[in-house]
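If you want the numbering used here, it's the 1-based position in the sequence shown plus 20.
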Amino acid sequence: MTARGAAPPGIALGVLFLARVVYAFNWYDIGAVLPFVPSSFGIGTARAGIVLASFLIGAGIFQLPAGFAAMRWGNRRTAIGALAAMSACTLASAVSPTWQLLALARFGAGAGAAFFFAPALGLATSYYPAGTRGPVIGIYNAGFSVGSGVGLFAGAIVGSLYGWSWALAVGGFLLLAGTAAAALLLPRDRAGGPPAMGPHLWRRGFAVLRSRALWALALGTSGLWAAFYVAAQYFVEYSSQSHLGWSVPLAATIPTVMIAAEVPGGPIGGWFAERRGRLRTILVVSGILAGVGVALVPFYSLAAAWGVFVVLGFADGVVFAVLYLIPTYFPDLTGTEFSLGLALLNSIQIFVGSALALGFAFVADRAGFPLAWLVAGAVGAGLLPFLYWVPPAPRPASPRAPTAEPASPTGSF
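Right, dumping it as structure tokens:
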């Protein structure tokens with residue numbers, strides 16, 4: 021990084037990590053205060069669920085537009101603009117006078133989250149040469165685990181003391197601070213080829229979207245996305261029905277330790293993967309381990325559940341570090357095309373994984389939780405054969421130069 025005013029890679033990664041923490045905070049703080057929302061607007065659980073789902077819908081729909089935006093304007097500008105938009109929508113959420121406007125503002129915040137994720141990760145990896153990016157991706161992903169845990173905990177405290185609006189407002193102001201820090205400290209886009217525009221933009225973009233390897237990678241891990249999601253979201257409800265002696269706070273500690281174990285799992289998994297190579301093998305082994313762990317949930321004692329969920333959390337960190345590391349070795353994904361590839365991965369996983377998670381709820385309602393856990397684990401591991409169509413990623417003998425960022429036609433923030 022030689023650009024004037026550029027921060028060292030470590031500082032830039034730290035800024036992106038903190039932005040990722042705040043980003044995740046605003047995913048999960050609404051869940052902590054959701055019980056207060058129905059009484060505030062005089063609505064039922066179903067409409068409160070629409071408010072909760074609006075964010076995820078926005079995050080899913082706008083993944084691919086975010087990738088194309090990064091190709092057009094660069095990773096840095098897209099990521100900073102996304103933080104600003106997410107901040108504005110989150111602050112609008114805090115002052116929404118009706119539940120419909122709250123749902124609309126949360127949808128906008130989800131769209132902002134979509135525009136941040138892939139460009140920010142593409143930016144982080146561009147600061148480091150190939151062969152050293154595994155821990156970088158793991159650290160970036162660990163920020164989500166930290167932020168989600170803090171969001172649930174802090175959101176519940178602030179919401180209980182001052183009301184749900186203040187819990188959302190805190191998240192909005194933190195995003196505003198993150199936007200300012202990113203604009204001041206993130207290195208400017210490197211000089212490279214001109215930004216993609218017009219037919220050239222679509223030609224390059226559609227070549228990425230047609231990548232069989234990306235589709236195989238996304239489909240092969242979508243079952244794991246759903247398995248980790250249901251383990252975090254449904255375990256407390258399952259325990260309240262199947263383990264009457266476990267209090268709700270006690271049961272809630274189990275998915276909490278899973279989230280905590282994700283934090284070291286990402287950097288360690290990324291570091292190990294870079295040094296061992298055979299990235300598909302690491303992904304498959306971690307996926308099978310996670311699938312078996314989820315399938316056997318009904319058979320765990322309290323002590324065993326804590327231990328297994330620590331392993332699940334660590335495996336979750338490894339899986340997503342390696343998942344996002346593999347495309348960095350695809351020769352046709354360089355610069356902002358890598359961001360579009362990540363956006364495609366995330367889009368497929370959100371929609372396919374969410375559908376599988378909905379299927380888990382349907383099976384649990386109709387046939388009971390034991391069968392639902394078995395199906396979730398089986399599907400998580402059962403989709404892994406799609407990874408056969410992912411080419412093996414060679415580990416270079418020496419690190420390559422960082423990926424160049426395309427120059428912005430109108431300057432940078």
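Backbone N, C-alpha and C define an ideal beta-carbon position, used for all residues, glycine too.
Here the structure is a predicted model, which means the values were calculated and not measured.
Item	Value
By Cβ distance below 6 Å, which residues in the same chain neighbour SER374 in space, the five residues on each side in sequence not counted?	none
Give the secondary structure of GLY289 by DSSP, where H, G and I count as helix, E and B as strand, and everything else as coil.	helix
What would DSSP say about PHE82, mapped onto helix, strand or coil?	coil
Within the same chain, show all residues whose beta-carbon is closer than 6 Å to that of PHE334, passing over the 5 residues directly before and after it, in chain order.	ALA281, GLY285
Alpha carbon to alpha carbon, what distance is there between GLY265 and ALA102?	45 Å
Is there contact between the segment 94 to 114 and the segment 187 to 197, where contact requires at least three CB pairs shorter than 8 Å?	yes
Please look up how many angstroms separate the CB atoms of ALA246 and ALA381, rounded, as I've assumed it's under 8 Å.	Actually they are not in contact, since the Cβ atoms of ALA246 and ALA381 sit about 11 Å apart, beyond 8 Å.
Report buried or exposed for PHE127, applying the criterion of at least 16 other Cβ atoms within 10 angstroms of its Cβ.	buried
Do GLN83 and ALA39 have their CB atoms nearer than 8 Å?	no
Mapping DSSP to helix, strand and coil, what is THR348?	helix
Under the three-state reduction of DSSP, which class applies to TYR11: helix, strand or coil?	An answer regarding residue 11 cannot be provided, because it is not within the stretch 21 to 433 covered by the chain.
Among residues of its own chain, excluding the 5 on either side of VAL178, which ones have a beta-carbon nearer than 7 Å to its beta-carbon?	TRP186, ALA187, VAL190
LEU206 to SER359, Cα distance in whole Å?	17 Å
Would you tell me roughly how many angstroms separate the C-alpha atoms of ALA325 and ALA238, rounded to the nearest one?	28 Å
CB-CB under 6 Å to PRO139, same chain, minus the five flanking residues each way: which ones, in chain order?	ALA90, ASN95, THR98, ALA99, SER359
Report the three-state DSSP secondary structure of ILE368 (helix, strand or coil).	helix
Looking only at its chain, what residues have a beta carbon closer than 8 Å to the beta carbon of GLN369, apart from the 5 residues adjacent to it on each side?	ALA238, THR241, SER242, TRP245
Answer with buried or exposed for SER321, where buried requires no fewer than 16 other C-beta atoms within 10 angstroms of its C-beta.	exposed
Report the three-state DSSP secondary structure of SER437 (helix, strand or coil).	Any question about residue 437 goes unanswered here, given that the chain covers just 21 to 433.
Going by beta carbon distance, what residues of the same chain come within less than 8 Å of LEU362, once the five residues before and after it are set aside?	GLY87, PHE137, ALA138, LEU141, GLY142, TYR344, PRO347
Quick check: the segment 254 to 273 against the segment 401 to 411, are at least 3 beta-carbon pairs closer than 8 Å?	no
Please identify the residue among GLY171, ALA32, ALA203, ASP336 whose C-alpha is closest to the C-alpha of ALA310.	ASP336
Looking only at its chain, what residues have a beta carbon closer than 6 Å to the beta carbon of ASN46, apart from the 5 residues adjacent to it on each side?	THR110, GLY191
With H, G and I counted as helix, E and B as strand and the rest as coil, what does DSSP make of TRP266?	coil
Find the nearest neighbour of SER180 within the set GLY69, PRO55, ALA384, ILE31, judged by alpha-carbon distance.	PRO55
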